[in-house]
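Structure first, commentary second.
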Amino acid sequence: QDDLARRDFTINAMALRLDPASFGKLMDPFGGQKDLANKLIRVLHDRSFIDDATRMLRAVRYEQRCSFRLEAATEKLLRQNVAMLGTISGDRIRHELELILKEEYPEKALGRAGDLGLLGEVHPALEGNGRLEKRFEKAREGSSAPSPALYFALLTCSLSIKEVEDFVARLRVPGSVSRVILDTARLRGQMPSLDVRDLSPSAVFELAQGYSPTSILACAIVADSALVQERLALYLTRWRHVRTALDGSTLQRLGVPSGPRLGQMLKVLHDAKLDGKIESQEDEIELVQRWLSQGR
Numbered sequence: 092q093d094d095l096a097r098r099d100f101t102i103n104a105m106a107l108r109l110d111p112a113s114f115g116k117l118m119d120p121f122g123g124q125k126d127l128a129n130k131l132i133r134v135l136h137d138r139s140f141i142d143d144a145t146r147m148l149r150a151v152r153y154e155q156r157c158s159f160r161l162e163a164a165t166e167k168l169l170r171q172n173v174a175m176l177g178t179i180s181g182d183r184i185r186h187e188l189e190l191i192l193k194e195e196y197p198e199k200a201l202g203r204a205g206d207l208g209l210l211g212e213v214h215p216a217l218e219g220n221g222r223l224e225k226r227f228e229k230a231r232e233g234s235s236a237p238s239p240a241l242y243f244a245l246l247t248c249s250l251s252i253k254e255v256e257d258f259v260a261r262l263r264v265p266g267s268v269s270r271v272i273l274d275t276a277r278l279r280g281q282m283p284s285l286d287v288r289d290l291s292p293s294a295v296f297e298l299a300q301g302y303s304p305t306s307i308l309a310c311a312i313v314a315d316s317a318l319v320q321e322r323l324a325l326y327l328t329r330w331r332h333v334r335t336a337l338d339g340s341t342l343q344r345l346g347v348p349s350g351p352r353l354g355q356m357l358k359v360l361h362d363a364k365l366d367g368k369i370e371s372q373e374d375e376i377e378l379v380q381r382w383l384s385q386g387r
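Per this note's numbering, the very first residue in the sequence shown carries number 92; after that it's consecutive.
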């Protein structure tokens, strides 16, 4: 399983002898078998977290995956050396977070990492509290295995845009995932505008278009307003897929001149289709002719 072969903890320091005289005999110099029986995670030596601070993130991941607990001295060493995480490159920290986000219930390890001060060392504004647990649970309602990008967006959704930019830069987050994280932060700033009574579908489309679908889903999950949740869900499932029957070439044949007026007419048609003012191709043609007759 991923990097369990590393000799980071006592449970990894056991082996079976292969020489004929003692074939199959357990070699357990650090008491790993006893730790397994007692469900403990224990480092091999006192400088373990100093030598490689990413072991702290792995320790909480194994602890939560296996329903084990950190051995008392190991937890004390971890708390004493939390600041060593600041010596690790952003790429390596991101890799450990990605492994956590691939767990069945990543919020468990993130919550523990928050309690131990590890998340705060990754970024001071990160939280692994109960709200994160609820958001991750909600993300799994629509998918048994949400994408790491969605989890990252939910993890950072309490951060300001500047803090999100710092997070992305510090961890050298790849382009596709960083776009989702940044889009989520920017769209969160638009959410009050989505909570206005009598907002038309075309107005919602105007606000939401250009943002990645995953970021829109993240904002729907974290939104406090049921109205905003509903509107973002409708955008994802229906409104972003709306297409008009007439295209630019057809409009030009109907007499719409090329240039800005053509783009304006396309938008008028699309908005009318979104808002339910037109339905058929005949309705679209009639709207174009009416628009032209009014000299627009």
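We put the beta carbon where it would ideally sit given N, CA and C, even for glycine.
C-alpha gap between residue i and residue j, whole angstroms
i, j, result
"Glu224", "Thr275", "18 Å"
"Ala311", "Arg329", "15 Å"
"Asp257", "Leu365", "38 Å"
"Arg170", "Glu154", "15 Å"
"Val151", "Ala200", "6 Å"
"Arg138", "Glu228", "37 Å"
"Lys125", "Ala244", "40 Å"
"Leu176", "Pro215", "13 Å"
"Glu370", "Val359", "13 Å"
"Asp94", "Asp143", "Low confidence applies here, because Asp94 scores a pLDDT of 46, under 50, leaving its location unreliable; read the following figure in that light. Near 14 Å, if we compare the C-alpha coordinates of Asp143 and Asp94."
"Met147", "Phe140", "7 Å"
"Ala314", "Gln343", "42 Å"
"Glu189", "Gln372", "48 Å"
"Asp119", "Ala104", "7 Å"
"Gly115", "Phe121", "18 Å"
"Val134", "Leu327", "47 Å"
"Thr178", "Leu209", "13 Å"
"Ile307", "Leu168", "41 Å"
"Leu273", "Gly123", "44 Å"
"Pro111", "Leu117", "13 Å"
"Glu254", "Glu212", "14 Å"
"Asp374", "Met282", "33 Å"
Supposed contact pair residue j and residue i - C-beta distance, whole angstroms, cut 8 Å
i, j, result
"Gly219", "Ala204", "6 Å"
"Ser316", "Asp286", "5 Å"
"Thr305", "Ser238", "6 Å"
"Ser303", "Arg277", "Contact flag wrong, Cβ pair sits at about 11 Å."
"Met356", "Val333", "The Cβ separation is near 16 Å, so there is no contact."
"Tyr242", "Ala230", "7 Å"
"Leu217", "Leu246", "7 Å"
"Gly346", "Leu383", "6 Å"
Per DSSP, the bridge partner or partners of residue i
i, result
"Ile132", "Leu161"
"Leu290", "According to DSSP, Leu290 bridges with nothing at all."
"Ala106", "Met118"
"Phe100", "Val134"
Residue i Cβ short of 7 Å to the ligand FMN heavy atom set
i, result
"Arg279", "Absence of the ligand FMN is noted for the structure shown, with no ligands found whatsoever."
Taking 8 Å as the threshold, find out whether the segment 214 to 232 comes into contact with the segment 183 to 190 through three or more Cβ pairs. Under the Cβ criterion (8 Å, minimum of three pairs), the segment 214 to 232 does not count as touching the segment 183 to 190.
Along the chain, which unbroken stretches of the alpha helix (DSSP H) at least 4 residues long are found entirely within the segment 212 to 280? The qualifying runs are 221 to 233, 239 to 246, 252 to 261 and 266 to 279.
Would you call the segment 129 to 136 in contact with the segment 160 to 169, where contact means no fewer than 3 C-beta pairs closer than 8 Å? They touch, by the three-pair rule.
Fully enclosed by the segment 150 to 220, which alpha helix (DSSP H) runs are 4 residues long or longer? Complete alpha helix (DSSP H) runs here, min 4: 163 to 171, 181 to 192, 197 to 206 and 209 to 213.
Say whether the segment 287 to 301 touches the segment 318 to 325, bearing in mind that this needs 3 or more beta-carbon pairs closer than 8 Å, one atom from each stretch. Yes, the segment 287 to 301 touches the segment 318 to 325.
Residue ranges of each alpha helix (DSSP H) within the segment 299 to 348, 4 or longer: The qualifying runs are 304 to 313, 317 to 328 and 339 to 344.
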